[in-house]
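Numbering (the numbering used here), first residue to last: 77 to 437. Even glycine gets a Cβ: it sits at the ideal position worked out from N, Cα and C. Notes for the one structure printed next.
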């Protein structure tokens, strides 16, 4: 049994490495792990007595609800619309499959017998995510797909790819900062190299979406990790260094900065009561306005994926958005909460808000 657990711990340990490199890798890991977790739950139905008393929003039932409600919302919406569209169940079903995994981990599944061994989360952020960035780099260069002037891998779009590579780099930076004194020089170099490669890939996708989170991360990194170790004055030095390096990089490769500048110009020139050109920022603003209008027309049952298109030529929308913009929304509303709200009405809104609120709490 110990050998079996060790092997599956190893599979989960390396799972982030292929997250952005191998199509359907993560889906397979989630499905198989969920089945194995159910087997563990059947054998260990009760929580250990050593579990600490959870806080209100940190209790198991809130986490389970956050994972289950997206699937329930889709079921309710489709039932009220009297339709069945299986693709809508794809992502919510994967979240629901994580429920037995969460419950099994709460019951000690895959816990190491060695107290000195770092948790999977620590090993992911300190070692596996930097390795993942190095493994993904050749896939990014040799199997990338162009979306206009943006780039992503053959199965990950530029916005998603850029956001994840930035996230992995920042998580690795946080772990490296926290465990700097406890790890060897080769592991430090591995983390640094992975962070640099991840940031490089994120920038060269030419996507902007994830970068709005960078100032928030730098603030948390400085206050929560650097300040307790070095004090406020010293903790500002690496922050200043990162800002200088960022400015230098943008000066050498100004494409991302130009896109940010263009976004500001598009935002300032947007008109709320007249026709707007089909710019990147202008269309995103239009998507939110579309979503508000569509939601008011069907707040209880929602519209499914494309049911709202019967209203896309409404006079209220034609005032400020072109036919191209109104039709382009069928590719998505560029926001998970908004998309879920349009798809499943108030049920989708509540489910998606809770899904984000519980982890944040």
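A direct Cα-Cα distance of roughly 21 Å separates residue 407 from residue 372. Comparing alpha carbon positions, the residue from 121, 170, 160, 166 closest to residue 143 is 170. For residue 355, the three-state secondary structure derived from DSSP is coil. DSSP places residue 197 within a helical segment (H, G or I) once states are collapsed to three. Excluding sequence positions up to five before and after residue 103, its CB lies within less than 8 Å of the CB of 170, all in the same chain and listed in chain order. In terms of Cα proximity to residue 390, the closest of 382, 381, 402 is 402.
One alpha carbon belongs to residue 195, the other to residue 188, and they sit about 8 Å apart.
One Cα belongs to residue 300, the other to residue 314, and the distance between them is close to 14 Å. Between the alpha carbons of residue 432 and residue 322 lies a gap of roughly 30 Å.
In the structure shown, residue 281 adopts coil according to DSSP, grouped into three states. A direct Cα-Cα distance of roughly 19 Å separates residue 148 from residue 106. For the 8 Å CB-CB criterion, residue 348 and residue 153 do not form a contact. The stretch 268-283 makes no contact with the stretch 305-320, as fewer than three CB pairs between them are under 8 Å.
Under the three-state reduction of DSSP output, residue 116 falls in the helix class. DSSP places residue 254 inside the alpha helix (DSSP H), whose first and last residues are 234-254. Residues 355, 356, 357, 358 of the same chain have their beta carbon placed closer than 8 Å to that of residue 342, with the five preceding and five following residues left out of the count.
Its chain contains 113, 116, 117 as the residues whose beta carbon lies nearer than 7 Å to that of residue 180, once the 5 sequence neighbours on both sides are disregarded; these appear in chain order. In this structure, the beta-carbon distance from residue 370 to residue 418 falls below 8 Å. Taking C-beta atoms under 8 Å as the contact rule, residue 270 and residue 239 fail to qualify, at a distance of about 17 Å. Ranked by Cα distance from residue 91, the options 259, 409, 175, 197 are led by 197.
Scanning the stretch 132-207 from its first residue to its last, the whole alpha helix (DSSP H) runs of 4-plus residues come out as 136-157, 166-182, 196-199.
Classified as buried, residue 176 has 16 or more neighbouring CB atoms from the shown chains inside 10 Å of its CB.
Here the alpha carbon of residue 353 sits roughly 38 Å from the alpha carbon of residue 100. Residue 346 and residue 335 have their C-alpha atoms some 16 Å from each other. With respect to residue 362, residue 396 sits close: the two C-beta atoms are nearer than 8 Å. A direct Cα-to-Cα measurement between residue 416 and residue 379 gives close to 10 Å. By the criterion of a C-beta distance shorter than 6 Å, residue 360 is surrounded in its chain by 410, once the five residues flanking it on both sides are discounted. Around the CB of residue 209, 16 or more other CB atoms lie within 10 Å, so the residue is classed as buried. Per DSSP, residue 379 lies in no alpha helix (DSSP H) and is assigned neither H nor E.
Within the same chain, and ignoring the five residues on either side of residue 435 in sequence, the residues whose Cβ sits closer than 8 Å to its Cβ are 142. Counting the other CB atoms within 10 Å of its CB gives residue 164 a total of 16 or more, which places it among the buried residues.
The continuous alpha helix (DSSP H) containing residue 403 extends over residues 399-404. The beta-carbon distance between residue 393 and residue 204, rounded to whole angstroms, is 46 Å. This is too long to meet the 8 Å contact definition. In this structure, the beta-carbon distance from residue 306 to residue 250 does not fall below 8 Å.
Residue 232 counts as buried, since no fewer than 16 other beta carbons sit within 10 angstroms of its beta carbon.
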